[in-house]
Amino acid sequence: MRLRTVLTLGVLMGGAAVACGSDDDSTSSSGGAAGKAERAGAAGASGTKSSGGKAGAGGTSGAGGTKSSGGGGGTTNSGGTTTSGGTGGTTTSGGTGGTTNSGGTGGRGGATGLGGSTALGGAGEGGAGEGGLLDGASGAGSGNETSGAGGEGGAAGDRVKQPLDGLIDMQIISWHNTDSGVPSFVIDDLTPFAGEFGGVVINAAWNQIQPTETGALDYSSIDDALDDVRSYNDAHPTAPLGVKLRVYAGSTAPDWAKAIHGGPVPITRNPAGCSTLPATPCPLSVPLFWDSEYITAWRAFQVALAARYDDEPLIRQVAVTSCAAQTDEPFVVTSDQDDRDTLVNDYGYTDDAEQACLMGAVEDYSAWKHTLVDYTFNPFNKVGGGLDSDFTIAVMDHCRSALGSRCVLDNHALSWPVDPNLQAVYDHMQALGGPINFQTQAPIPDQCQWTATIAQGVALGARAIEIWPATKAGFLHLTADQVGQLASEFTNPISVPTGTPTTDCDTSTGAIFY
Numbered sequence: 001m002r003l004r005t006v007l008t009l010g011v012l013m014g015g016a017a018v019a020c021g022s023d024d025d026s027t028s029s030s031g032g033a034a035g036k037a038e039r040a041g042a043a044g045a046s047g048t049k050s051s052g053g054k055a056g057a058g059g060t061s062g063a064g065g066t067k068s069s070g071g072g073g074g075t076t077n078s079g080g081t082t083t084s085g086g087t088g089g090t091t092t093s094g095g096t097g098g099t100t101n102s103g104g105t106g107g108r109g110g111a112t113g114l115g116g117s118t119a120l121g122g123a124g125e126g127g128a129g130e131g132g133l134l135d136g137a138s139g140a141g142s143g144n145e146t147s148g149a150g151g152e153g154g155a156a157g158d159r160v161k162q163p164l165d166g167l168i169d170m171q172i173i174s175w176h177n178t179d180s181g182v183p184s185f186v187i188d189d190l191t192p193f194a195g196e197f198g199g200v201v202i203n204a205a206w207n208q209i210q211p212t213e214t215g216a217l218d219y220s221s222i223d224d225a226l227d228d229v230r231s232y233n234d235a236h237p238t239a240p241l242g243v244k245l246r247v248y249a250g251s252t253a254p255d256w257a258k259a260i261h262g263g264p265v266p267i268t269r270n271p272a273g274c275s276t277l278p279a280t281p282c283p284l285s286v287p288l289f290w291d292s293e294y295i296t297a298w299r300a301f302q303v304a305l306a307a308r309y310d311d312e313p314l315i316r317q318v319a320v321t322s323c324a325a326q327t328d329e330p331f332v333v334t335s336d337q338d339d340r341d342t343l344v345n346d347y348g349y350t351d352d353a354e355q356a357c358l359m360g361a362v363e364d365y366s367a368w369k370h371t372l373v374d375y376t377f378n379p380f381n382k383v384g385g386g387l388d389s390d391f392t393i394a395v396m397d398h399c400r401s402a403l404g405s406r407c408v409l410d411n412h413a414l415s416w417p418v419d420p421n422l423q424a425v426y427d428h429m430q431a432l433g434g435p436i437n438f439q440t441q442a443p444i445p446d447q448c449q450w451t452a453t454i455a456q457g458v459a460l461g462a463r464a465i466e467i468w469p470a471t472k473a474g475f476l477h478l479t480a481d482q483v484g485q486l487a488s489e490f491t492n493p494i495s496v497p498t499g500t501p502t503t504d505c506d507t508s509t510g511a512i513f514y
């Protein structure tokens, strides 16, 4: 599993803070929906059963007529007037909608193949194709054993993928300290810890994929990373990784999107600097991410992404990055007061506009039907100062109301002890129940409480926790046994410690794991 450590922008944001020098924060013709089982009348008496196909014409059968198994016919009306074995008595096995190719949607396990919810339980051949939308769960089988009309063919594609579990490698994200930064993906970091991680984050940037508004989209950054994950899984078949796809917008939006309605807006990633000796500011440019025209462009982009990856079995969760500016976190705008004044005075940013953006972020991802939608929550930070957790709770409720258990409740500032500003958010996450994910704060020298932090997340209901790889005391500094100890806390939870941390972490001596 990978812990993904996100740097906090400070108490005001209740989000991920930045430590200087650290990592920051088609449906194919094969299969389809098993074909619609036609609702033609039942076969005449003693007619041959149709295998999942279209029963021929033939109204009601005579007395004692045989119902069509899996076809369109169904109800037998005793005393009917049709000739025994008349028209429709014998239908061709695999008529309209009868035999579809195994593999369903795109060959990746979307809709079922042959079968589905045919009448009288046509077993069907299909299954879930490559891996299955449900992590191998097949859409084939007996279907709904309902005599009568075969219904609509019963696609399994309306069922969702399984959530990620355990430790998640969040990958290095220091690239987002640079305007229009380019993400990297390194799978080899996980080889020493094979079997201990349940997933990995693929970070990508909108400007990489759609550099021009009307040109072809370039998916190579994601596809290459997926190929790396497949190779890793082939080498470690007993401990395969799932993927959380996180496509950044904000400062990595393409120039044409940043220019909508007079943008881009200049902000500073971290006023304290994003590197040390000497500290260097991090100037960024961001779009008017709350603007309706920009949101329309972003939603169109999500439609394209979903069309390509919603049926990809490896990608189990997609992260919401709508409304985000300098990081991937929707509720984190900027903690710099000068930048906030610029947003308000020069570009028309308001609390109402930001809240509309955050509430609407759920609909931004409506094109994703099978993949879980991972939304990161922090207390809402008001322009005039102060935090509003009630609004955040309202967005959580909307996400669950709209998506049900496909809405993954997330936060990127998990620590032990819990930040008091996050307590109300965490309490409501627990009340709503799983799936819940976290990302840890960067384990910097005074925050290396690894075992306690994972214990805290598990106690709060986390099914998966992202951890940082290389920032100061990241997991690359740990041994395989230490990472294994963290991974074991998901299946064998330990008690969350009481009191406050007293141990100073010292990376120079290797004392970084507590």
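For the sequence shown, position 281 matches number 281 in my numbering, and the numbering has no gaps at all.
Here a beta-carbon is modelled for each residue, glycine too, at the ideal position from N, C-alpha and C.
C-alpha gap between Asp169 and Pro469, whole angstroms: Counting from 1 along the sequence shown, the entry for residue 169 is found at position 169. Counting from 1 along the sequence shown, the entry for residue 469 is found at position 469. So the alpha carbons of these two residues sit roughly 7 Å apart.
Sequence ranges, beta strand (DSSP E) only - wholly within the region 186 to 254, length at least 3: Here the runs fully enclosed are 197 to 205, 242 to 248.
Burial state of Asp227 (16 or more Cβ within 10 Å): Residue mapping note: residue 227 aligns to position 227 of the sequence shown, counting from 1. Exposed, because fewer than 16 other Cβ atoms sit within 10 Å of the Cβ of Asp227.
3-residue-minimum beta strand (DSSP E) runs that sit fully inside the region 278 to 344, ordered along the chain: 283 to 286, 315 to 319
Any non-hydrogen atom of the ligand MG within 7 Å of Ala480 CB: As presented, the structure is devoid of all ligands, the ligand MG included, so that no description of it is given.
Test item: CB-CB of Leu432 and Ile465 under 8 Å: The residue you call residue 432 lines up with position 432 of the sequence shown. The residue you call residue 465 lines up with position 465 of the sequence shown. It is not a contact, given that the beta carbons lie outside the stated cut-off.
Supposed close pair Ala194, His261 - CB separation, criterion 8 Å: As a working note, residue 194 is residue 194 in the sequence shown. As a working note, residue 261 is residue 261 in the sequence shown. Not quite, the Cβ-Cβ distance comes to about 48 Å (not below 8 Å), so this is no contact.
Per-residue burial, Ala324 [other beta carbons within 10 Å of its own, 16 or more giving buried]: Translated into the one-based positions of the sequence shown, residue 324 becomes position 324. That one is buried.
Coarse secondary structure for Ile267, derived from DSSP in three states: Within the sequence shown, residue 267 is the residue found at index 267, counting from 1. Ile267: strand per DSSP, three-state reduction.
Endpoints, alpha helix (DSSP H) assigned at Leu486: In the sequence shown, counting from the first residue as 1, residue 486 sits at position 486. Per DSSP, Leu486 belongs to the alpha helix (DSSP H) from 480 to 488.
Identity of the residue in Ala452, Ser401, Asp504 nearest Pro417 by Cα: The count along the sequence shown starts at 1 and reaches residue 417 at position 417. Among Ala452, Ser401, Asp504, the Cα nearest to that of Pro417 belongs to Ala452.
Candidates Asn203, Leu460, Arg246, of which the one nearest Leu422 by Cα: Counting from 1 along the sequence shown, the entry for residue 422 is found at position 422. Out of Asn203, Leu460, Arg246, Leu460 has the C-alpha closest to the C-alpha of Leu422.
Candidates Leu167, Pro163, Phe185, Leu164: closest to Ile173 by CA position: For the purposes of this step, residue 173 is taken as residue 173 along the sequence shown, with counting starting at 1. Answer by Cα proximity: Phe185.
Where the alpha helix (DSSP H) through Asp390 begins and ends: Within the sequence shown, numbered from 1, the residue matching residue 390 stands at position 390. Where Asp390 is concerned, the enclosing alpha helix (DSSP H) stretches over 389 to 403.
Contact between the region 280 to 295 and the region 238 to 256 (3+ Cβ pairs under 8 Å): yes
Cβ neighbour criterion (16 or more within 10 Å) applied to Asn345: Indexing the sequence shown from 1 puts residue 345 at position 345. Exposed, since its Cβ has fewer than 16 Cβ neighbours within 10 Å.
8 Å Cβ cutoff met for Pro435 and Val408: The residue you call residue 435 lines up with position 435 of the sequence shown. The residue you call residue 408 lines up with position 408 of the sequence shown. Going by C-beta atoms, Pro435 is nearer than 8 Å to Val408.
Per-residue burial, Ser495 [other beta carbons within 10 Å of its own, 16 or more giving buried]: Within the sequence shown, residue 495 is the residue found at index 495, counting from 1. Burial state of Ser495 is exposed, judged by a 10 Å Cβ sphere holding fewer than 16 other Cβ atoms.
Residue range of the unbroken beta strand (DSSP E) whose run includes Cys407: Counting from 1 along the sequence shown, the entry for residue 407 is found at position 407. Segment 407 to 414, the beta strand (DSSP E) holding Cys407.
Neighbourhood of Leu217 by C-beta distance below 7 Å, restricted to the same chain and skipping five residues each side: Translated into the one-based positions of the sequence shown, residue 217 becomes position 217. Once the five neighbours on either side are set aside, the close Cβ partners of Leu217 are Ile209, Gln210, Ala304.
Helix, strand or coil at Thr440 [DSSP, three-state]: By one-based count along the sequence shown, residue 440 stands at place 440. In the structure shown, Thr440 sits in a strand (DSSP, three-state: E or B).
Supposed close pair Phe438, Asp410 - CB separation, criterion 8 Å: Position 438 of the sequence shown holds residue 438. Position 410 of the sequence shown holds residue 410. Yes, Phe438 and Asp410 are in contact; Cβ-Cβ is about 7 Å, under 8 Å.
Run of the beta strand (DSSP E) containing Ala462, from where it starts to where it stops: For the purposes of this step, residue 462 is taken as residue 462 along the sequence shown, with counting starting at 1. Unbroken beta strand (DSSP E) run through Ala462: 462 to 467.
Beta-carbon spacing of Ile187, Leu245 below 8 Å: By 1-based counting over the sequence shown, the position of residue 187 is 187. By 1-based counting over the sequence shown, the position of residue 245 is 245. Not in contact: Ile187 and Leu245 (Cβ atoms no closer than 8 Å).
Residues bridged to Asn381 (per DSSP): Counting from 1 along the sequence shown, the entry for residue 381 is found at position 381. Looking at the DSSP assignment, Asn381 forms a beta bridge with Leu387.
Minimum C-alpha distance to Met359 - residue among Glu489, Thr491, Cys399: Walking along the sequence shown from the start, residue 359 turns up at place 359. The residue with the shortest Cα to Cα distance from Met359 is Cys399.
Residues sharing a beta bridge with Ile173, DSSP: In the sequence shown, the residue the question calls residue 173 occupies position 173. DSSP lists no partner for Ile173.
Asp336 vs Thr268 beta-carbon contact at 8 Å: As a first step, residue 336 must be located in the sequence shown, where it is residue number 336. As a first step, residue 268 must be located in the sequence shown, where it is residue number 268. It is a contact, given that the beta carbons lie within the stated cut-off.
Simplified DSSP state of Ile168, which is helix, strand or coil: Locating residue 168 in the sequence shown gives position 168, counting from the first residue. Reduced to three states, the DSSP call for Ile168 is strand.
Asp506 burial status per 10 Å Cβ neighbour count (16 or more: buried): Position 506 of the sequence shown, counted from the start, is the residue given in the question as residue 506. By the neighbour-count rule (16 or more Cβ atoms within 10 Å), Asp506 is not buried but exposed.
Beta-bridge partners of Tyr375, as assigned by DSSP: In the sequence shown, counting from the first residue as 1, residue 375 sits at position 375. Answer is Leu409, bridged to Tyr375.
Gly242 versus Phe197: straight-line alpha-carbon distance, rounded: Taking the first residue of the sequence shown as position 1, residue 242 is located at position 242. Taking the first residue of the sequence shown as position 1, residue 197 is located at position 197. Per the coordinates, the alpha-carbon of Gly242 lies some 9 Å from the alpha-carbon of Phe197.
Identity of the residue in Cys448, Ala462, Ala307 nearest Tyr426 by Cα: Within the sequence shown, residue 426 is the residue found at index 426, counting from 1. Among Cys448, Ala462, Ala307, the Cα nearest to that of Tyr426 is on Ala462.
Segment limits, alpha helix (DSSP H) that includes Val425: Sequence index remark: in the sequence shown, residue 425 carries index 425 (1-based). Taken as a continuous stretch (DSSP letters only), the alpha helix (DSSP H) holding Val425 covers 423 to 432.
Proximity below 8 Å, CB of Asp311 to CB of His370: To locate residue 311, count along the sequence shown from 1; it is residue 311. To locate residue 370, count along the sequence shown from 1; it is residue 370. Contact: yes.
With 16 other Cβ atoms within 10 Å as the buried cut-off, status of Asn207: For the purposes of this step, residue 207 is taken as residue 207 along the sequence shown, with counting starting at 1. It counts as buried.
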